[in-house]
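If you're matching positions, the sequence shown starts at 27 in this note's numbering and goes up one per residue.
Yeah, the Cβ is synthetic: ideal placement off N, Cα and C, and Gly gets one too.
Below is one structure, written out as structure tokens, with a few remarks after it.
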Amino acid sequence: MTHDRHAKQLRTWTEQARRYTREGKSADYIPALAQVDPSQLGVCIVGKEGRLVAGDSDVSFTLQSISKIISFMVACLECGIDCVLERVDVEPTGDAFDSIIRLEASRTGKPFNPMINAGALTIASLLPGGTPTEKLNRLQSWLEMWIGRRLPLNQTVFESEWKTANRNRAIAYYLKETDYLQGDVEDVLEVYLKLCSLEVRLDDLALIGWILALDGYHPLRQTQVIPKRLARLTKAIMVTCGMYNASGKFAAFVGLPAKSGVSGGILCAMPPRLRSKQMPFREGCGIGVYGPAIGDDGNSVAGVKLLQQLSEQWDVNLF
Ligand code: GLN
């Protein structure tokens, strides 16, 4: 690939998308997230041809809901896909990620998918380990195998979430009542909120996206680290539920598997079979985006615009 030309293009698209940061604001329901500068926008793309970065790419931020795909994959790897799907479905809801309404309204009370809080709390309870620390350590070991490092916990964000987690607490106690959530509710909340509070960088997200793009094959370790069936299932859930209740719009206008978090991060996978003439990464790539100004749907406003620009300009779209 002509690295300089593509790097320049990416810088231009990032600066063009940056103006959309004004249309969102930093998440304020978690007090520690409200303090970040909402005008930031950065991107990192990795693939066999190398690495492209633009904008505020040297940042770290908390995983938030992006942790939901990681805990889903780890729970499936440790307990088996069937065991996980007995407790969490794979249907989109069209409701907000922290909505409680369908838990009681649906016939079974089964969480609709692993990308909403009800599903992720249930999955946190399935992770192996007797204590929150053991569960987190186990998940960190998988992550370390994928990205080569253990992610630090942002204690300030965790404490801020823990103190204000009334809605998550309500969802978790309800799931305990219906028997979907296993074990001690406060322990499960601790695991879930600590997963949300792990700090990542854009290249970590891009590498996970690249592994998913390659159906679970780790391009640097040159070995299959996630079974193909699980990688594909995860991408299908990302397409249908990964961008909260804006997943339909994201599929319609961007057309790629992605997962967002309220800190403003987005992890996206561009599988190699989607390659086009314009696409510089012939063998697929992973993309990490960070833009903390989020919209009402919880997604980074400028981040989504930037991914839309990339998928259109590079003519890469699942559909
Ligand atoms: N920790 C946040 C919560 O549970 C994560 C939400 C998100 O990123 N959508 O509310």
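The three-state reading of DSSP puts residue 240 in coil, since its state is none of H, G, I, E or B. Here DSSP, grouped into helix, strand and coil, assigns residue 80 to strand. According to the DSSP assignment, residue 182 belongs to the alpha helix (DSSP H) that extends over 181-189.
For residue 134, the secondary structure class from DSSP, reduced to helix, strand or coil, is coil. In this structure residue 343 touches residue 281 by the C-beta definition: roughly 3 Å separates them, less than 8 Å. Our two residues, residue 147 and residue 159, have alpha carbons roughly 16 Å apart in a direct line.
Scanning the segment 38-105 for uninterrupted beta strand (DSSP E) segments of 3 residues or longer gives 68-73, 76-81 and 86-88, listed from N- to C-terminal end. Counted as a single uninterrupted DSSP element, the alpha helix (DSSP H) harbouring residue 254 occupies residues 254-267. For residue 274, the enclosing alpha helix (DSSP H) covers residues 273-279.
Rounded to the nearest angstrom, the Cβ distance from residue 232 to residue 70 is 5 Å, consistent with a contact under 8 Å. Exclusion of residue 174 from the 7 Å shell around the ligand GLN follows from its C-beta lying no nearer than that to any non-hydrogen atom of the ligand.
Of all C-beta pairs linking the segment 207-223 to the segment 247-257, fewer than three are shorter than 8 Å, placing the two stretches out of contact.
Counting of Cβ neighbours within 10 angstroms places residue 138 among the buried residues, the total reaching 16 or more. Not one heavy atom of the ligand GLN sits closer than 7 Å to the Cβ of residue 271. Residue 171: member of the alpha helix (DSSP H) spanning 158-173, first to last residue.
In the three-state DSSP reduction, residue 224 falls in the strand class (E or B).
Here residue 337 has 280, 281, 282 and 343 as same chain residues with Cβ atoms under 7 Å from its own Cβ, once five neighbours each way along the sequence are excluded. A check of alpha carbon separations from residue 307 across 285, 77, 154 and 46 identifies 77 as the nearest.
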